[in-house]
Amino acid sequence: MLLLTFRDLVYRKTRFMVVTILGAVVFALLFVMTGLVNQFNLEPADTVDQFGADEWVLPEGVSAPFTSVSVMPVAAVDDVDAETKSPVVITRSSLSDGGAPEEVVLVGFEPGGLGAPQVVEGRAPEGPGEVAADVTADVEVGDEVAVGGEPFTVVGLTENTTVLAGIPLTYLTLPDAQMLAFTTTQVISSVLVAGDLGPLPPGLASLTPDDVVDQTLQPLEGAIASVDLVRALLWIVAAIIVGAVVYLSALDRQRDFAVLKAVGTSNASLLGSLALQAVLIALGAVALAAVIQIFLAPQFPLPVTVPNSAFWQLPLLAVIMALAAGAIGMRKVLRSDPSEAFAGAA
Amino acid sequence: MTIGSLKVSDLVVEFVHDGYAIRPLDGLSFGVEPGELVVLLGPSGCGKTTLLSCLGGILTPTSGSIRLGDHDVTNMKGKQLDAYRREEIGFVFQAFNLIPSLTARENIAVPLVLTGHSRKVAFARADELLQEVGLAERGNHLPSKLSGGQMQRVAVARGLGHNPPLLLADEPTANLDHIQAEAIIRLLQSLRDDGRMIVVSTHDARLVPIADRIVHMVPPDQHEERPTHDVSYSAGDSIFEQGDPADLVYMIKSGNVDVIRVLADGGEELLNTLGPDQYFGELGPFLGFPRSASVRATSDVVLTAYSPRVFREKVLHKN
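Quick note, the sequences are listed as chains A and B, same order.
Numbers 3 to 348, taken from this note's numbering, label the letters of the first sequence in order.
Numbers 10 to 328, taken from this note's numbering, label the letters of the second sequence in order.
Take a look at the structure:
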């Protein structure tokens, strides 16, 4: 069976190569789409995790710090019953290093407190006029930039600190953020709490980090559903490609199957040969796709993080899909009549 | 090799095509003894391949029986038939039907592997058979790199893979020039030496001299010259029936006849009504086919019956 399968693959190598390449392009897109959805899900979790808070205290009625405007008096910090707590300001703004302004989320923090950035290069802002930005903001340590129209110096860079599909966080000291966002130092957006949180006074509510992650994902639900739909369509395209080539192969080999049946070969052996061919094409395409996605992913405007699980799930699904798609071709084998072997030259 | 004689008794194959019942085999009987080469002789369409399909357990006849030694082939089903084909029958198909992606050696060995033999045994047998058919040096060539005669020899070797007692060859010399055909004929001749039965279907008269027995698929006397004579029928009489052997051509002197096609469901379809000076029944005798329709008298008729040769000379050429 193996010999019959491999020899046929070699004999029709041009067709199988074309199909494998086509399939690989489709599977590479599937890898990237999977990475995109994965990144959508990972992004808020990574970002929220870096704030180091166990609870986020917000004014009652505010859904989440990154998706709605949250304003509370700075005096509310005293009303929060917790051992470790830090006020933060979170607001949308813009950052420009001389070119077109880019949308950013400003995070005002108290140096040494919760919400301080975990820089991967340089240092965290310590005083007025200093910012640290996510590496995707495309600035360097030492760059002079404008944040909300005010001049700042980049002193550090952070990683994995983006929200809402790639909007970079930009950290600055709490007073600078307060002045930029509210033009007063008397208001903040939220109080971050580490450890136990006592009862909150009326007008305040708390969210767990998971709540914040879920709420931050909400605006992306439509985008995620769209990508999922594209993924489903890509699976259909892949199935059509593999199914078509297996069907064509069965059609081309109908006489061969009739001859082999006539000499007593069982249907199971012939089906096995065709099924193996479908599986090999699918696995070949997935293997090539795994290489293509390495070059394809960086071309996407949004970060793409292909999960490790995709590298075994996708081949497994591809094999199942190939067997299902090849079923029409296999049906042809089952139906091939051994008496066709007696027919004259085609 | 299991040895036993082959007995075909009163074999009928009927199938429906485009709503009409066709009987390519109608009551055929013959026998083959071990070591005999039997030639099924007849023109295209006379049922040779249908008969080979029945002998090979590929087609179940409508009635009659086929026995090979102890095997009652006509009563076998499913896996029994698979095993029968795998163990007792070797096939040599028209147009070679080699698998194009496999080398000559693999074409012989792969069917053996697929039917349960080990690779080692299968390839050793393939080498042995290639040697036997004189193609030991061409074993690693694809069919596309072999001549027609070489391909046919590989096909014969494939048919002999499991050393079957009965080899069925369908038009083995078709598509071959006389040199290649001679090599195949010599090969087939040699294969019966160890008691193998060989049934060859052909319309190639070159195979006749080597046959131990000839089965004429079309009765050989049907084209015998018969004198021109008049025949009379009463209204409602059948002049001939669909499927009857065709021997004479009829010209209507007086009266009328209906030409009727008998359908598979037993119904009838009127094809034509003919009258004086019209003729019918010419194609069957000319082509060697059985009657393709029935003809019945619708009134008292007088017909002149001609042999095909006389009809061609006196009626067709005269016009």
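All residues carry an ideal CB built from backbone N, CA and C; glycine is no exception.
No experiment lies behind these values; they were computed from the predicted model shown.
Cβ closer than 7 Å: which chain B residues qualify as neighbours of residue i?
i	result
A:F344	T58, L61, S62, F102, Q103 and D179
A:Y13	P109 and S110
A:T160	Neighbours of A:T160 on chain B: none; closest Cβ ~59 Å, over 7 Å.
Suppose you measure from the CA of residue i to the CA of residue j; what does that come to, to the nearest Å?
i	j	result
B:F39	B:E277	33 Å
B:S153	B:N84	40 Å
A:A327	A:F29	15 Å
A:M35	A:Q217	22 Å
B:R222	B:Q89	29 Å
A:G168	A:G274	47 Å
B:L280	B:D246	17 Å
A:A277	A:F8	12 Å
B:L61	B:T69	11 Å
A:A343	B:N265	46 Å
A:P67	A:I243	46 Å
A:L182	A:L282	60 Å
B:S210	B:L283	39 Å
A:G100	A:A135	16 Å
B:A104	B:L121	21 Å
A:V107	A:S88	18 Å
B:Q251	B:V17	24 Å
B:D136	B:L123	17 Å
A:G2	A:R94	Here chain A has residues from 3 to 348 only, and residue 2 of chain A is not among them.
A:V122	A:E112	19 Å
B:R300	B:S316	15 Å
B:F289	B:L177	38 Å
B:G170	A:Y249	30 Å
B:D186	B:E180	13 Å
A:A260	A:I330	17 Å
B:T71	A:S338	21 Å
A:V71	A:L206	14 Å
B:G297	B:V47	21 Å
B:L138	B:G65	22 Å
B:D309	B:I269	17 Å
Can you round the beta-carbon distance between residue i and residue j to whole angstroms, since I take them to be within the 8 Å contact cut?
i	j	result
B:I67	A:S341	5 Å
B:D256	B:P218	Rounded, the Cβ-Cβ distance is 28 Å, inconsistent with contact.
A:V335	A:L272	5 Å
B:L200	B:I207	6 Å
A:L236	A:L32	5 Å
Out of the options, which one is the CA nearest neighbour of residue i?
i	options	result
B:S241	B:K262, B:P254 and B:E234	B:K262
B:V119	B:R95, B:L197 and B:G157	B:R95
B:G158	B:T124, B:E42 and B:A113	B:A113
A:V50	A:T86, A:G25, A:L24 and A:T164	A:T164
A:A55	A:S208, A:N43 and A:I169	A:S208
A:S65	A:K15, A:P221 and A:E152	A:P221
B:D213	B:V268, B:P174, B:T182 and B:C63	B:T182
A:Y173	A:G286, A:V147, A:Q188 and A:A234	A:V147
A:V133	A:V214, A:T93, A:S228 and A:D178	A:D178
A:P130	A:A329, A:L304, A:L199 and A:V156	A:V156
B:R318	B:E115, B:P236 and B:G168	B:P236
B:H150	B:G51, B:G54, B:N116 and B:S14	B:N116
B:E45	B:E234, B:E291, B:P285 and B:Q198	B:Q198
A:P46	A:T186, A:S251 and A:L171	A:L171
B:P254	B:S303, B:V271, B:L144 and B:D267	B:S303
A:T307	A:R14, A:N162, A:V149 and A:R255	A:N162
A:L5	B:S110, B:V163 and B:G168	B:S110
By the criterion of Cβ-Cβ separation under 9 Å, what are the contact partners of residue i in chain B?
i	result
A:R9	I108, S110, L111, T112, E115 and V119
A:R337	Neighbours of A:R337 on chain B: none; closest Cβ ~15 Å, over 9 Å.
Which residues of chain B have a Cβ atom closer than 8 Å to the Cβ of residue i, listed in chain order?
i	result
A:L285	Chain B residues near A:L285: none, gap ~20 Å exceeds 8 Å.
A:G257	Inspection of the sequence shows that residue 257 of chain A is occupied by Arg rather than by Gly. Per Cβ cutoff of 8 Å: N106.
For residue i, return the contacting residues in chain A, with the cut-off set at a CB-CB distance below 8 Å.
i	result
B:L68	S341
B:G65	A264
Report the neighbours of residue i on chain A: residues whose CB is nearer than 9 Å to its CB, in chain order.
i	result
B:L123	M3, L6, L262, V265, G266, T267, S268, S271, L272 and S275
B:A190	Within chain A, no residue comes near B:A190; the closest Cβ sits about 16 Å away, beyond 9 Å.
B:R32	Ordered by position in chain A, no residue passes the 9 Å Cβ test against B:R32, which lies about 17 Å from the chain.
Below 7 Å on C-beta distance, what does residue i contact in chain A?
i	result
B:D213	None at all; the shortest Cβ gap to chain A is about 14 Å.
B:D91	G266 and S268
B:R94	A264, V265 and G266
Any heavy atom of the ligand ATP closer than 7 Å to the CB of residue i?
i	result
A:V281	Only the bare structure without any ligand can be found here, which leaves the ligand ATP out of the picture.
Unbroken stretches of the beta strand (DSSP E), 3 residues or longer, contained in the region 103-136 of chain A: List check, beta strand (DSSP E) in window: 104-111, 121-124 and 132-136.
Runs of beta strand (DSSP E) lying entirely within the region 218-284 of chain B, each at least 3 residues, in chain order: Correct list: 222-225, 238-242, 247-249, 258-263, 266-271 and 277-283.
4 or more residues per run - each alpha helix (DSSP H) lying fully within the region 163-232 of chain A: Runs of the alpha helix (DSSP H) lying entirely within the region 163-232 of chain A and spanning at least 4 residues, in chain order: 176-184 and 211-219.
Residue ranges of each beta strand (DSSP E) within the region 148-184 of chain B, 3 or longer: The qualifying runs are 175-179.
Sequence ranges, beta strand (DSSP E) only - wholly within the region 18-62 of chain A, length at least 3: Correct list: 57-61.
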